[in-house]
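Residue numbers (our numbering), protein chains in the order written: chain A, 949 to 1329; chain B, 252 to 873.
Where a beta carbon is used, it is the ideal one built from N, C-alpha and C, also for glycine.
Some notes on the structure that comes next.
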Ligand SMILES: Cc1ncc(C[n+]2csc(CCOP(=O)(O)OP(=O)(O)O)c2C)c(N)n1
Ligand code: SF4
Ligand SMILES: [Mg+2]
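Here it is in structure tokens:
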């Protein structure tokens, strides 16, 4: 038969690793050296060590001076060598917004798509190419307003993509309208008398959408940001990361309560899996359950230590992570950062590849001639 | 009793009943029997969008028309020779199409006072003499079915439900159809329900035997097999043919097929059928909406798959922005629009050709894409392959404009050999690293450096070392592909994108004109699913001694290079369309030819007789 299956990519000049659809290899330490990050088990390993500069493109970065996006880009580029994958196997897909310009600045494959739709584009790419590490860059308007539908469905589907939501609580690129994360009453160009709608809490939303990995971090805390990126890359499936990002032009200091040295320690709750939750001056506060399953802060000194919570990001039930996310009011009374939730769940692309493999095991590789001649046929002449 | 057997060269039958009466199934089975017997055929299923409209009402009527013949035919036919009416609503809804003298087989059990009143019959038309101009066969089909099933262990309801098989058995006898296919079909369909199987077979046989023994039918008809070209055939609907065409194109291009789709009538069957074909490496993604479906398909194309999305009109509206992105980033993408009656939700199960201008112009900016339209159900196969050829060779979105009539209608299809299909892998190649390194290679990879012949840009897929690049919807510098707001660059890129699509005209066949006697002064030009109706109308005109030329467009963007000359060669050009003149507008604008537009937008194909009349009028006025 002259017809070849899609496996024979090379005939069409495909020199790359191809559309591998195997199973993730065991992630244990083995002959190949240290454990790979979980999202990368099907991605080839780089021959040589890469450096931050390898991920810088030749394009001039054009955000406003002082924009939080610079810090995130720098942390991201510095982190990328840790993936230990060839540059060509990294793909960054974004929507539209200031934040969504990021792919132009990273020397990898990338697509600056259309407003809100990056998760859809990334889903098609990641579901058909498990040999790629696919990252989505999005903003609060891009992800939660116009793209809200795609975001929630990507999360529940659990495709192997990493979504970084740059939340500046404003529409930056369109010059300062309020966004779905702006606090109620926000006065902007489009809301001179104050905005009317209740904002989304992105972490609560993601948890409600059945996300298997949900985290939050802050543009100005490079170390924390890098740690969260690493944790996201170590998750197979959709990882959702909200990054508080300052927009000095249209919403300056929106996150000051959790970034200013003076107030930050009272408000930020740094989540570490397996560790008792402590925050505040001298780490004197912890968390405990209150009525209806919500959480409340408690003085460590006056509280029975058994009732103080130890963070468990792997709890199968999302109620606890959701309760954590509700501590975070728009005025940042208590703002947890770190990994809220990380639970194992087969990724969509893996399940899809599996169905194909099983169908081929059962019925053999598709035979085109037999398919065309399927159903009731008859011979003439 | 031996019956007289009469020869017929062609017959049109229509099964009509309530949505729950199984008329589509009966029609489908009769079609398969007819196909395997070797007649040429064409079908027109016509059903309501509601799954179960109120029983016995006019909106609830579902029908299936089949035209079969001993010669090649082009349409499902205008007027049925036999109408099976399973209830008063079915009679009323279809009566206007039935010519005097035709056979009407009516199920008297359903012609109750209540059912008659439901559809506004004051008197029972089976009894008041109003059908005296017809061959009326008033038969208690339901009760005969129930009687035949005495001994089968099925509920009364299940017994009554088998009445479609009684009707099918009767018609199968009347037209001397082979029955093995239906027996095999029933056996596999009810494999796990032996009692239901027994009941259906008994009902079918009862219908057949009734025809054979009763006085009510004195003649049996025979329609000899058609002389089709030698080969292996199957009967195929447009949606099935499109599905197979896409899979064949995937195999012939070596590109894995990725379908991103959101269910919508009448396109969903393509999603259903492709999702069964996992053994061909087909990935199907049922997205959260049409935007996501096309977005995922584009993402897959970026990664080196054959990205496909399927939808109908309302979904096309949602996909517009992403199709524009695909045109801007210049990646292959197949968009199948199975048109239905609009605007808005319109009439989901009815056909229309009114998305042509949307396909061409329904995006912001100068956003050219290639557009193709299949002419017949089987032609959907070839059109899909041609669409993929253009998409991968020119790195462009291609829109396929099928429609509800093609999607669900069927005809015999000569199954091609795999070797005879276009070898699509020779039409393109992915950019590879070593073209851009080494001594005599291009100095640098430029993602928008175009092939001088096709103007296509390189398709460098992720995973290819050294060719990392970023694409997006922002205007790109010619060649380098970096963001550019330069006025002259934009002007150049707008023209380049258009020139690339225009250039496809040199790579497609010229439009052919069918003008048998060479004397025609009138040309009928159509596109898409009107091919059969126009062809049948032209035949009628010629049989009556008239001269008329016919030409049909498969490529709607770009047009075939010789189209302007063809238009000029005739005194009058008639353009029938199931819209308000969309192709006509394009022809006038592009070629300054004052074509005559003929438009009917009834959710149904044109009738051949009606079009023949229109053609005659134009000829008379030359
Ligand atoms: C379909 C569509 N609608 C509207 C716009 C205009 N637009 C571009 S970015 C944007 C909001 C971006 O806000 P966000 O996602 O928060 O990104 P930021 O600029 O703040 O990083 C809007 C409304 C667009 N590009 N496309
Ligand atoms: S408008 Fe705000 S978010 Fe956008 S680049 Fe400027 S500072 Fe950054
Ligand atoms: Mg924003």
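Could you compute how far the alpha carbon of residue i sits from the alpha carbon of residue j?
i: residue 265 (chain B); j: residue 643 (chain B); result: 43 Å
i: residue 676 (chain B); j: residue 685 (chain B); result: 20 Å
i: residue 821 (chain B); j: residue 773 (chain B); result: 6 Å
i: residue 425 (chain B); j: residue 613 (chain B); result: 51 Å
i: residue 383 (chain B); j: residue 332 (chain B); result: 16 Å
i: residue 394 (chain B); j: residue 459 (chain B); result: 15 Å
i: residue 1213 (chain A); j: residue 1060 (chain A); result: 37 Å
i: residue 351 (chain B); j: residue 775 (chain B); result: 31 Å
i: residue 450 (chain B); j: residue 471 (chain B); result: 26 Å
i: residue 559 (chain B); j: residue 811 (chain B); result: 25 Å
i: residue 1104 (chain A); j: residue 1159 (chain A); result: 6 Å
i: residue 594 (chain B); j: residue 1206 (chain A); result: 52 Å
i: residue 542 (chain B); j: residue 656 (chain B); result: 25 Å
i: residue 1132 (chain A); j: residue 506 (chain B); result: 50 Å
i: residue 585 (chain B); j: residue 1142 (chain A); result: 45 Å
i: residue 430 (chain B); j: residue 263 (chain B); result: 19 Å
i: residue 632 (chain B); j: residue 497 (chain B); result: 8 Å
i: residue 464 (chain B); j: residue 317 (chain B); result: 26 Å
i: residue 534 (chain B); j: residue 578 (chain B); result: 23 Å
i: residue 1196 (chain A); j: residue 1123 (chain A); result: 12 Å
i: residue 754 (chain B); j: residue 570 (chain B); result: 25 Å
i: residue 590 (chain B); j: residue 653 (chain B); result: 6 Å
What residue does the beta strand (DSSP E) around residue i start on, and which one ends it?
i: residue 1237 (chain A); result: 1233-1237
i: residue 710 (chain B); result: Taken as a continuous stretch (DSSP letters only), residue 710 (chain B) belongs to no beta strand (DSSP E), as it is neither H nor E.
Would you say residue i reaches chain B, if we count a Cβ-Cβ gap shorter than 8 Å as a contact?
i: residue 1139 (chain A); result: no
i: residue 1007 (chain A); result: yes
i: residue 994 (chain A); result: no
i: residue 1108 (chain A); result: no
i: residue 1062 (chain A); result: yes
i: residue 1157 (chain A); result: no
i: residue 1077 (chain A); result: yes
i: residue 1051 (chain A); result: yes
i: residue 967 (chain A); result: Here residue 967 (chain A) scores only 45 on pLDDT, less than 50, and its place in the model should not be relied on; the value that follows carries that caveat. Chain B, which has a Cβ nearer than 8 Å to the Cβ of residue 967 (chain A), makes this yes.
i: residue 1057 (chain A); result: yes
i: residue 1181 (chain A); result: no
i: residue 1327 (chain A); result: yes
i: residue 1154 (chain A); result: no
What does a CB cutoff of less than 6 Å around residue i pick up in its chain, not counting 5 residues either side in sequence?
i: residue 629 (chain B); result: 487, 492, 662 and 664
i: residue 475 (chain B); result: 321
i: residue 941 (chain B); result: Residue 941 (chain B) cannot be examined here, being either before or after the span of chain B that is shown, 252 to 873.
i: residue 1023 (chain A); result: 1170, 1173 and 1174
i: residue 1013 (chain A); result: none
i: residue 557 (chain B); result: 501, 506 and 508
i: residue 861 (chain B); result: none
At what residues does the alpha helix (DSSP H) containing residue i begin and finish?
i: residue 545 (chain B); result: 541-553
Does residue i have its Cβ less than 8 Å from a Cβ in chain A?
i: residue 874 (chain B); result: With chain B running from 252 to 873 in the structure shown, residue 874 (chain B) is simply not present.
i: residue 736 (chain B); result: no
i: residue 709 (chain B); result: no
i: residue 484 (chain B); result: yes
i: residue 255 (chain B); result: no
i: residue 534 (chain B); result: yes
i: residue 720 (chain B); result: yes
i: residue 869 (chain B); result: no
Tell me which same chain residues have a C-beta within less than 7 Å of the C-beta of residue i, skipping the five on either side of it?
i: residue 743 (chain B); result: 729
i: residue 1328 (chain A); result: none
i: residue 993 (chain A); result: 1032 and 1033
i: residue 453 (chain B); result: 399, 400 and 403
In its own chain, which residues sit with a C-beta less than 8 Å from the C-beta of residue i, not counting the 5 before and 5 after it?
i: residue 1018 (chain A); result: 1009 and 1011
Taking CB distances under 8 Å as the criterion, tell me whether residue i reaches chain D.
i: residue 1037 (chain A); result: This model lacks chain D altogether, as its protein chains are A and B.
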